[in-house]
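Using our numbering, read the sequence shown as starting at 0 and increasing by one per residue.
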Amino acid sequence: MKPSLQLKLGQQLAMTPQLQQAIRLLQLSTLDLQQEIQEALDSNPLLDVEDAHDEINSQEEKAEALKEATADVADTEPEPQDSSEMIEKSEISNELEIDTTWDDVYSANTGSTGISLDEDTPVYQGETTQTLQDYLLWQLDLTPFSETDRAIALAIIDAIDDYGYMTLSLEDILESVKSEEYDDIELDEIEAVRKRIQQFDPLGVASLNLQDCLLLQLATYPSDTPWLNEAKRLLIDHIDQLGNRDYKLIQKEAKLKEDELRAALQLIQELNPRPGNDINAEHAEYVIPDVSVFKDRGKWVVTINPDSMPRLKINQQYAELGRGNGADSNYIRTNLQEAKWLIKSLESRNETLLKVAKCIVEHQHDFFEYGEEAMKPMVLNDVALAVDMHESTISRVTTQKFMHTPRGIFELKYFFSSHVSTDNGGECSSTAIRALIKKLVAAENPAKPLSDSKIATLLADQGIQVARRTIAKYRESLGISPSSQRKRLL
């Protein structure tokens, strides 16, 4: 077989760099897109950010200049000032350096109280020590410990989880601390140090279990607190039954009437089962809505959020430099083309996002009017057909994109759900079914919570046929516990 050359005509779809960039920007979240834009601004001198306040700032500067000129001409007497105001104004300049701190400006002795702190006194800095371990170590520094006990305390604090409980047994702590230097440490010494740490704030840290944690907190209550002894007895003798909510058995064994049991449980509910949560507070995750929905003259209006990303423009001064033939001009022209591609891709992204968002609002009109229970079934293909786009494009547009509505902020994916047929031949979305389950559970009798089978029966009475296992799946997705765990007296 001899090698040969052949010519063949044909058409092939090629992914140009511009198209690849547009697709990539389309699937970025707002935060990722802002980072992408910032990187482009840093690397491309042809890109600038439009400043909508240029004209306002110019007018303010003119007004300020006029005000200063008027002040120079006016013949005014200076108002008397007391000595403290004169000192403050003389010591503090009108403009501070960027890295200036208040300690650089105000002395430690200034202030209305006149109290100065000793330089050696440690002060807890909550903004810099955000973990439970940091907070406990700060208290450890303020507490007198022997060298041996301090080594034990460090090992104990290191073994405390975010909830405030010990992750290691006392024997494991003893094994980790023992060395040539601390060879004579006994187990009771480990326990003694742990008891001291349990008195740190928050009260109950370094507990071995839930019972230990709650009993320690109850021990701080005044002895004449109503139902204190009953609450302690419940925690000591019936902690497992409390977890199972077996109140009938507790009443029988503890010989308590229902109102007495309810009063003791109310006292226990005042305690904190996870003391470490007060320090290790989770940071809220913030999102920037891409689109906003509001009602105007009886109609729902969808707009792009102007604050979701900066508006870009071409730097015309640099663009003029690209008309020559030198190497610098080639560099300018290349960056100019890239800047135009980026601006065009961002415009295309906004157009696509707005088109899809309008379609979602139109399809889910009843949700915006009446809430979750009115949500209609909708899949990606429904929107793809309506806006004449590929389903994969709709998937990119709706992932990590958020809509600000009068009912809250939702990811665009939230509005898509499967359907369940109803007895009258219609369809009900899974989101609406979840909302109905949440409503039924919220209205249930706490002493006799609804089982999954009972919820399925109640939905069937409304014409919605849902299997019990489907109810269980939806209930778990809502974070609702089974009926056996929802039972309570209070």
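Beta carbons: idealized from backbone N, C-alpha and C, even for Gly. Nothing here was measured: the structure is a model prediction, and the numbers come from that model.
{"query": "Within this structure, are the beta carbons of isoleucine 151 and glutamate 188 separated by less than 8 Å?", "result": "yes"}
{"query": "Count the other CB atoms within 10 Å of the CB of phenylalanine 293; is the residue buried (16 or more) or exposed (fewer)?", "result": "exposed"}
{"query": "Is aspartate 295 helix, strand or coil when you go by DSSP?", "result": "strand"}
{"query": "Who are the Cβ neighbours of valine 386 in its own chain at under 8 Å, not counting the five residues just before and after it?", "result": "Lys354, Val355, Cys358, Ile393"}
{"query": "Determine which residues share a DSSP beta bridge with isoleucine 303 and list them.", "result": "Val290"}
{"query": "DSSP on leucine 477, reduced to helix/strand/coil?", "result": "coil"}
{"query": "In the DSSP assignment, find the beta strand (DSSP E) that holds phenylalanine 401 and state where it starts and stops.", "result": "401 to 404"}
{"query": "So histidine 237 is in the beta strand (DSSP E); what residue range does that whole segment cover?", "result": "Taken as a continuous stretch (DSSP letters only), histidine 237 belongs to no beta strand (DSSP E), as it is neither H nor E."}
{"query": "Looking only at C-alpha atoms, which of Gln210, Asp31, Ile436, Lys375 sits nearest to glycine 425?", "result": "Lys375"}
{"query": "Exposed or buried, glycine 275, counting other C-beta atoms within 10 Å across all chains shown (16 or more means buried)?", "result": "buried"}
{"query": "When the Cα of proline 288 is compared with those of Gly407, Ala383, Leu18, which residue comes out closest?", "result": "Gly407"}
{"query": "So valine 286 and leucine 352 are in contact, right, with Cβ under 8 Å, and what is the actual spacing, rounded?", "result": "That pair is no contact at about 15 Å."}
{"query": "When DSSP labels each residue in this structure, what does leucine 311 get in the three-state scheme?", "result": "strand"}
{"query": "In whole angstroms, what is the alpha-carbon distance linking tyrosine 162 and arginine 273?", "result": "5 Å"}
{"query": "Do glycine 321 and isoleucine 331 have their CB atoms nearer than 8 Å?", "result": "yes"}
{"query": "Below 6 Å CB to CB, which residues in the same chain sit around leucine 270 once its five sequence neighbours on both sides are set aside?", "result": "Leu213, Gln216"}
{"query": "Using a Cβ-Cβ cut-off of 6 Å (strictly less than) and excluding sequence neighbours within five positions of cysteine 427, which residues of its own chain qualify?", "result": "Val419, Thr421, Ile463"}
{"query": "Can you check DSSP and say which residues form a bridge with lysine 447?", "result": "Asn444"}
{"query": "In terms of residues, what are the limits of the alpha helix (DSSP H) holding serine 391?", "result": "390 to 397"}
{"query": "Nearest to alanine 154 by alpha carbon, out of Leu27, Gln132, Glu38?", "result": "Gln132"}
{"query": "Consult DSSP for glycine 407 and reduce its assignment to one of helix, strand or coil.", "result": "strand"}
{"query": "Count the other CB atoms within 10 Å of the CB of tyrosine 123; is the residue buried (16 or more) or exposed (fewer)?", "result": "Note that tyrosine 123 has pLDDT 45, beneath the 50 cutoff, so the model's placement of it is unreliable and the number below is only indicative. By the neighbour-count rule (16 or more Cβ atoms within 10 Å), tyrosine 123 is not buried but exposed."}
{"query": "Just how far apart, CA to CA, sit leucine 264 and aspartate 236?", "result": "14 Å"}
{"query": "Restricting to Cα atoms, I'd like to know which of Asp239, Val465, Gln10 is closest to serine 452.", "result": "Val465"}
{"query": "With aspartate 528 as the anchor, note down where its beta strand (DSSP E) starts and where it stops.", "result": "Limits of the chain in this structure are 0 at one end and 489 at the other, which puts residue 528 out of reach."}
{"query": "Please tell me whether leucine 341 and valine 48 are closer than 8 Å, where the distance is taken between their beta carbons.", "result": "no"}
{"query": "Below 8 Å on the Cβ atoms is my contact criterion, and I expect leucine 233 with alanine 218 to pass it. Report the Cβ-Cβ distance as a whole number of Å.", "result": "About 15 Å separates the two Cβ atoms, so there is no contact after all."}
{"query": "For asparagine 423, which residues in the same chain have their Cβ closer than 7 Å to its Cβ, ignoring the five residues on either side in sequence?", "result": "Gly462"}
{"query": "The alpha helix (DSSP H) with leucine 335 in it runs from where to where?", "result": "326 to 362"}
{"query": "Would you mind reading off the limits of the alpha helix (DSSP H) that contains alanine 217?", "result": "Looking at the sequence provided, one finds leucine at residue 217 rather than alanine. Element bounds for leucine 217: 209 to 217."}
{"query": "Whose C-alpha, out of Ile436, Lys251, Ser417, Gln210, is nearest the C-alpha of serine 429?", "result": "Ser417"}
{"query": "Which residue's Cα is closest to the Cα of arginine 193: Val204, Leu411, Asp50?", "result": "Val204"}
{"query": "Please state if the CB of leucine 32 and the CB of methionine 402 are separated by a distance shorter than 8 Å.", "result": "no"}
{"query": "My parser needs the alpha helix (DSSP H) runs of 4 or more residues fully inside the region 235 to 279; what are they?", "result": "238 to 242, 246 to 253, 257 to 267"}
{"query": "Classify tyrosine 134 as buried or exposed, calling it buried when 16 or more other Cβ atoms lie within 10 Å of its own Cβ.", "result": "buried"}
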